[in-house]
């Protein structure tokens with residue numbers, strides 16, 4: 423997918439979908455989810471939120487790309503080193519973003535979202551509420567509280583923004599472009615969240631348990647299908 427070089431990273435969302443799905447005993451991205459698939463539902467939500475999805479494939483990457491061949495609004499990129507962990511997939515997505523847009527040089531804080539491909543219950547409002555908070559702050563968000571990030575820091579620091587409910591952080595996360603050089607230097611097997619929580623961050627309250635619901639096991643998938651069916655029938 424060819425992107426214009428006029429879009430900021432803040433309009434993009436990286437969706438890592440490169441893993442083996444070993445705990446599920448089935449390959450997660452294309453498992454059924456209503457009228458679509460688990461991964462398809464995440465892509466649809468990202469688009470509903472007005473963002474540009476960048477799907478990062480790895481294991482069975484050609485198959486995943488083919489399943490989205492009729493979606494020109496979606497970029498699918500391949501992480502050849504997917505077995506090293508999710509961080510490498512996120513960096514692959516970020517590289518695509520930086521190759522296809524210009525980071526704002528006018529003083530605004532540019533960044534990008536990340537949401538895992540196995541979280542089809544994440545609501546579009548999670549993205550929208552974070553985007554609204556960023557717009558209202560001019561991109562400078564306060565550091566998180568002591569329970570999560572140690573002593574609060576500079577209240578104008580540029581940092582990540584998480585959705586939260588009841589003080590628990592979820593997905594998606596917004597990451598400022600200023601963190602990209604450090605992300606590239608992290609060990610491929612390290613956890614992105616560990617790094618982000620050691621930097622300035624804040625959270626936005628989102629009243630929806632979908633921000634926590636990653637589908638790692640058959641039991642989690644079955645329960646999520648039940649909840650999705652109940653929600654659909656109540657509309």
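Numbering (this note's numbering), first residue to last: 423 to 657. Here a beta-carbon is modelled for each residue, glycine too, at the ideal position from N, C-alpha and C.
With a 10 Å radius around the Cβ and a threshold of 16 neighbouring Cβ atoms, residue 513 comes out buried. Under the three-state reduction of DSSP output, residue 640 falls in the helix class. Look at the region 578-652 and you find these whole runs of alpha helix (DSSP H), each 4 residues long or longer: 602-607 and 614-619. A straight-line Cα-Cα distance of about 9 Å links residue 509 and residue 609. In the structure shown, residue 520 adopts helical secondary structure according to DSSP, grouped into three states. Membership of residue 535 in the beta strand (DSSP E) is indicated by the continuous run 533-536.
Note: residue 461 is not bridge-paired with any residue in the DSSP secondary-structure output. Burial check for residue 445: the Cβ neighbour count within 10 Å stays below 16, so the residue is exposed.
Under the three-state reduction of DSSP output, residue 480 falls in the strand class.
Relative to the Cα of residue 540, the nearest Cα in the group 626, 502 and 634 belongs to 634.
Residue 470 is bridged by DSSP to nothing; it lacks a bridge partner. In this structure, residue 469 sits away from residue 488, with a CB-CB distance that is not shorter than 8 Å. Nearest C-alpha to residue 476 among 440, 628, 611 and 547: 440. In this structure, residue 435 places its C-beta atom within 8 Å of the C-beta atom of residue 535.
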